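Step one of this worksheet: look at the structure below.
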Amino acid sequence: MTILALLIIITILNMNIKIKRNGLKLSNLKEKKEAIIKEIKCNDELKQRFYSFGIIKGANIFVKEVSLRNNTMVIDIENTEIAIRVEEAEQIEVDKI
Amino acid sequence: MDTIKIVLAGQANVGKSSLINAMTKSRLKVGNFSGVTVEKTEVRFEHHSHMIEIVDLPGTYSINGFSSEEKIARDFLQNEQYDVILNVLDSTHISRNLLLTLELLNMNKKMVIALNMIDEAKKEGLDINAKQIEAITGIKSVAVSSKTKEGIGELLNTIHDVADNEVRAFSNISYSDIIEEQIFKVKKFLDEDDYSYLDLSSREMAIKLLNDDDKFYKEIHDKPVFMELQPLLLKCHDNIHNYHNTKSHADIQAIEHYAIAKGITAETTHKKTTNNKTLTKKIDDILINKFIGIPIFLFLMWGLFQLTFEFGSIPMDYIDMGFGLLSEAVKSSIAHEGLSSLLSDGIIAGVGAVVLFLPNIIILYIGIALLETTGYMSRVAFLLDGFFHKFGLHGKSFMPLVTGFGCSVPAYMATRTLKNEKDRLITLFIIGFMSCGAKLPIYVLFAGAFFDSDNAGNVLFAIYIAGALLGLVMAKILRMLVFKGEDEPFVMEMPKYRLPTIKLIYIIVSQKALSYLKKAGTFILAASILIWFASTYPKSNSDNPSIQLEQSYLGQLGKASVPFFAPLGFDWKLTVALETGLAAKEVVVATLGILYNIGEDVSEDDNRLLDKLKKEVPFATAMAFVVFSMIYLPCFAASMVFAKETGGYKYLLYLFVFTTGVAWIMSFITYRLLL
Numbered sequence: 068m069t070i071l072a073l074l075i076i077i078t079i080l081n082m083n084i085k086i087k088r089n090g091l092k093l094s095n096l097k098e099k100k101e102a103i104i105k106e107i108k109c110n111d112e113l114k115q116r117f118y119s120f121g122i123i124k125g126a127n128i129f130v131k132e133v134s135l136r137n138n139t140m141v142i143d144i145e146n147t148e149i150a151i152r153v154e155e156a157e158q159i160e161v162d163k164i
Numbered sequence: 075m076d077t078i079k080i081v082l083a084g085q086a087n088v089g090k091s092s093l094i095n096a097m098t099k100s101r102l103k104v105g106n107f108s109g110v111t112v113e114k115t116e117v118r119f120e121h122h123s124h125m126i127e128i129v130d131l132p133g134t135y136s137i138n139g140f141s142s143e144e145k146i147a148r149d150f151l152q153n154e155q156y157d158v159i160l161n162v163l164d165s166t167h168i169s170r171n172l173l174l175t176l177e178l179l180n181m182n183k184k185m186v187i188a189l190n191m192i193d194e195a196k197k198e199g200l201d202i203n204a205k206q207i208e209a210i211t212g213i214k215s216v217a218v219s220s221k222t223k224e225g226i227g228e229l230l231n232t233i234h235d236v237a238d239n240e241v242r243a244f245s246n247i248s249y250s251d252i253i254e255e256q257i258f259k260v261k262k263f264l265d266e267d268d269y270s271y272l273d274l275s276s277r278e279m280a281i282k283l284l285n286d287d288d289k290f291y292k293e294i295h296d297k298p299v300f301m302e303l304q305p306l307l308l309k310c311h312d313n314i315h316n317y318h319n320t321k322s323h324a325d326i327q328a329i330e331h332y333a334i335a336k337g338i339t340a341e342t343t344h345k346k347t348t349n350n351k352t353l354t355k356k357i358d359d360i361l362i363n364k365f366i367g368i369p370i371f372l373f374l375m376w377g378l379f380q381l382t383f384e385f386g387s388i389p390m391d392y393i394d395m396g397f398g399l400l401s402e403a404v405k406s407s408i409a410h411e412g413l414s415s416l417l418s419d420g421i422i423a424g425v426g427a428v429v430l431f432l433p434n435i436i437i438l439y440i441g442i443a444l445l446e447t448t449g450y451m452s453r454v455a456f457l458l459d460g461f462f463h464k465f466g467l468h469g470k471s472f473m474p475l476v477t478g479f480g481c482s483v484p485a486y487m488a489t490r491t492l493k494n495e496k497d498r499l500i501t502l503f504i505i506g507f508m509s510c511g512a513k514l515p516i517y518v519l520f521a522g523a524f525f526d527s528d529n530a531g532n533v534l535f536a537i538y539i540a541g542a543l544l545g546l547v548m549a550k551i552l553r554m555l556v557f558k559g560e561d562e563p564f565v566m567e568m569p570k571y572r573l574p575t576i577k578l579i580y581i582i583v584s585q586k587a588l589s590y591l592k593k594a595g596t597f598i599l600a601a602s603i604l605i606w607f608a609s610t611y612p613k614s615n616s617d618n619p620s621i622q623l624e625q626s627y628l629g630q631l632g633k634a635s636v637p638f639f640a641p642l643g644f645d646w647k648l649t650v651a652l653e654t655g656l657a658a659k660e661v662v663v664a665t666l667g668i669l670y671n672i673g674e675d676v677s678e679d680d681n682r683l684l685d686k687l688k689k690e691v692p693f694a695t696a697m698a699f700v701v702f703s704m705i706y707l708p709c710f711a712a713s714m715v716f717a718k719e720t721g722g723y724k725y726l727l728y729l730f731v732f733t734t735g736v737a738w739i740m741s742f743i744t745y746r747l748l749l
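Heads up: the sequence lines are chains A and B, in that order. Okay, so the first sequence: first residue is 68 according to our numbering, each after it adds one. Okay, so the second sequence: first residue is 75 according to our numbering, each after it adds one.
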């Protein structure tokens, strides 16, 4: 009995860790949804570009429009509209508000 | 007269060009030093008995960035001589613009901040205190508007004062406590040692050391003081890394700067009204909407092309007629046969061919300039990038490619809207696959000769579509084989919609038109003389133009290259026609007319040529010929513009090999399949 309970607890913990590891990505965010940037995982070149647009940990982000085939999206950050490809958006992890 | 050299730095879309226009009033002398992909503009004018020289750097979001514009800006700021940096900010986006300001401050140069578009900020209910920004940053700040001319005089005076002042103002920016602690420790050490370097304060030196500034490290590394400094620096770096929980210097700087920029904005900007939605956002609800955005764009493009090619054809007809009359007049008034032929058939015809495209180019460029300066082009890139990215192209490639269906010359010039080198080159290489208007007569001729009139239209359409599809496939192949490597990230600001001034449009369009006339004109002129010579000499005894062309150098060349075309089924007549087509595609039909003995004045719907072709040319050969003319090198004018836009004749050689190779292979396949 206890062993079973332990197993269940371990599985739940594991799942939790997995969910945390594969956090929500900006690319998964639906249109008209708002989120806070949690982490940016990418190479320095892209990172620098993100930073210069104010795309940084802790910043508020709003998805304004996603293109028909889900290839590109327009996000609103600090009152500026920025177009971004989904490949790039995949490298930004966010927390929903 | 003393000269003050100002370098203008700012993010994209902050209105630097219009600020220059406002500062210089009418005493403007613009020299455009265009590089291949990026340009920096220099302007000189007089103010209060000083000569003021402005260098306008390309818009940069960050000077630590990797794009070619950002590299140019960084190199200039670090290595060139100048007196003052004029940092231009968009008042409606202070917070993001300050990120660049903070980077510029680390260069430790004399600086002035211009808070541009202050009128727009007021309209949006933003109240910005320039004096407060000055107090926090330690840098003179002036609120200006290039539209209403507000603050322009004050800005010029401030620049003057700062430039004349012997002492450079130090930045007052303070970082987070943890960083300040380390700065204090390093500064104290440098003070105690009495170390000095250029005009830097000990605090600035400390910041440079904590920022891993290469140049300063090299400087101090060879000094005895470094022995004791090194352990201290290591400890300080450790403290910072532990606090921020990362070793990435870029990350730490970004977080620090972001916090400072937010702090400054909060203290200096007050939003009076809580306005709901700006005009830009309202317009964007429609224009970038996923369902109606693309149809609206296509409609606008259709309108622009109607204007360009319908409206443009009116002055084109007159230009054509004018040069025709001139040529006739010269022919009849000069007795010497060789000279009159050189003047009329060579020079006047060549110059005419260049001037002929001018109306097209001007109209199309007014359209493109409008699309770009209003900010709509970025939206187009967003709408179309999904499709074009699949083929290794960029959303902005659409514009030049569609222009290519009209004429390759303006199409090549339109690629300047692409900022990334690889995207630009690939687009340039495949524009030729979009069949231009001048190829239409060839298609009409062959479609008319080998298909019944019900099908000819469909065949024409199929030729155009096949060319475009082949172009996209080629783009993908080029991306995979030649222009390899990572794609440039697509993270692009969508600037606010703004109405450009007529002056700005005029400057953009006239510069493009003049540079086309000047550079293309000289080369095309030389080339047309060459082609005229090759088709006129050596003179034959016969009056028959067909025999004359056959005996000319061009004809000899055509005959010599027959073996190359033999596998495609072309005889020497078709070969020569293709080769004269290198001058201009319109010439192909005329040449066929001469060679098939019908006379020079033949048009594509002339039935005599149709019948003759039907009789003498086999079907498979004809189709291979159409395929070849669809793909091979564009006309001479276009080729010259191509060389200029890519930045070298070696690219033209690549284009020649590439298009000829593809054309040969595709027509070989066509020929063999239909045989």
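Here a beta-carbon is modelled for each residue, glycine too, at the ideal position from N, C-alpha and C. As the structure is a prediction and not an experimental result, all values here were calculated from the model.
So what's residue i in DSSP terms, helix, strand or just coil?
i: residue 129 of chain A; result: strand
i: residue 112 of chain B; result: Because residue 112 of chain B sits at a pLDDT of 44, beneath the cut-off of 50, its placement in the model cannot be relied upon, and the following sentence gives the value as read from the coordinates. Three-state result, residue 112 of chain B: coil.
i: residue 217 of chain B; result: strand
i: residue 148 of chain A; result: strand
i: residue 102 of chain B; result: Low confidence applies to residue 102 of chain B: its pLDDT is 47, below 50, so where it sits in the model is not reliable, and the reading given next is rough at best. It is coil, neither helix nor strand.
i: residue 412 of chain B; result: helix
i: residue 131 of chain B; result: coil
i: residue 686 of chain B; result: helix
i: residue 76 of chain B; result: strand
i: residue 617 of chain B; result: coil
i: residue 161 of chain B; result: strand
i: residue 163 of chain A; result: strand
i: residue 92 of chain A; result: strand
i: residue 529 of chain B; result: helix
i: residue 185 of chain B; result: strand
i: residue 394 of chain B; result: helix
i: residue 107 of chain B; result: Confidence at residue 107 of chain B is low in this model, with a pLDDT of 37, below 50, so its placement is unreliable and no value can be given for it.
i: residue 333 of chain B; result: helix
i: residue 235 of chain B; result: helix
i: residue 241 of chain B; result: coil
i: residue 88 of chain B; result: coil
i: residue 105 of chain A; result: strand
Could you work out which residue in the options is closest to residue i when comparing CA atoms only?
i: residue 170 of chain B; options: A:148, A:103, A:102 and A:91; result: A:148
i: residue 385 of chain B; options: B:359, B:413 and B:433; result: B:433
i: residue 112 of chain A; options: B:122, B:137, B:265 and B:477; result: B:137
i: residue 554 of chain B; options: B:496, B:505 and B:608; result: B:496
i: residue 735 of chain B; options: B:748, B:703 and B:747; result: B:703
i: residue 753 of chain B; options: B:550, B:599 and B:377; result: Residue 753 of chain B is absent from the model: chain B starts at 75 and stops at 749.
i: residue 589 of chain B; options: B:146, B:483 and B:388; result: B:483
i: residue 230 of chain B; options: B:80, B:408, B:564 and B:569; result: B:80
i: residue 156 of chain B; options: B:464, B:131, B:294 and B:485; result: B:131
i: residue 566 of chain B; options: B:76, B:499, B:541 and B:450; result: B:450
i: residue 93 of chain B; options: B:176, B:216 and B:212; result: B:216
i: residue 336 of chain B; options: B:248, B:298 and B:666; result: B:248
Which residues in chain A have a C-beta closer than 7 angstroms to the C-beta of residue i? List them in chain order.
i: residue 314 of chain B; result: Residues of chain A passing the Cβ test: none, with the nearest at roughly 16 angstroms.
Anything in chain A within Cβ reach of residue i, meaning under 8 angstroms, just list it in chain order.
i: residue 566 of chain B; result: 149, 150 and 151
i: residue 358 of chain B; result: 131, 132, 141 and 148
For residue i, go through chain A and note every residue whose CB falls closer than 9 angstroms to its CB, in chain order.
i: residue 139 of chain B; result: 112, 115, 116 and 119
i: residue 459 of chain B; result: 134, 138, 139, 150 and 152
For residue i, which residues in chain B fall below 8 angstroms Cβ to Cβ?
i: residue 145 of chain A; result: 167, 169 and 170
i: residue 155 of chain A; result: 563, 564 and 565
State the beta-bridge partners of residue i as determined by DSSP.
i: residue 200 of chain B; result: B:345
i: residue 118 of chain B; result: B:127
i: residue 140 of chain A; result: A:133 and A:151
Please compile the residues from chain B whose C-beta is within a distance smaller than 9 angstroms of the C-beta of residue i.
i: residue 164 of chain A; result: In chain order: nothing, as chain B lies at least about 18 angstroms away.
i: residue 124 of chain A; result: 325, 328, 329 and 332
Three-pair Cβ contact test at 8 angstroms for the stretch 246-264 of chain B versus the stretch 289-306 of chain B: yes
Is it a yes or a no for the stretch 207-225 of chain B touching the stretch 183-199 of chain B, going by three-plus beta-carbon pairs under 8 angstroms? yes
Three CB pairs or more closer than 8 angstroms across the stretch 578-589 of chain B and the stretch 435-445 of chain B: yes
Touch check for the stretch 312-321 of chain B and the stretch 265-279 of chain B: three-plus C-beta pairs under 8 angstroms? no
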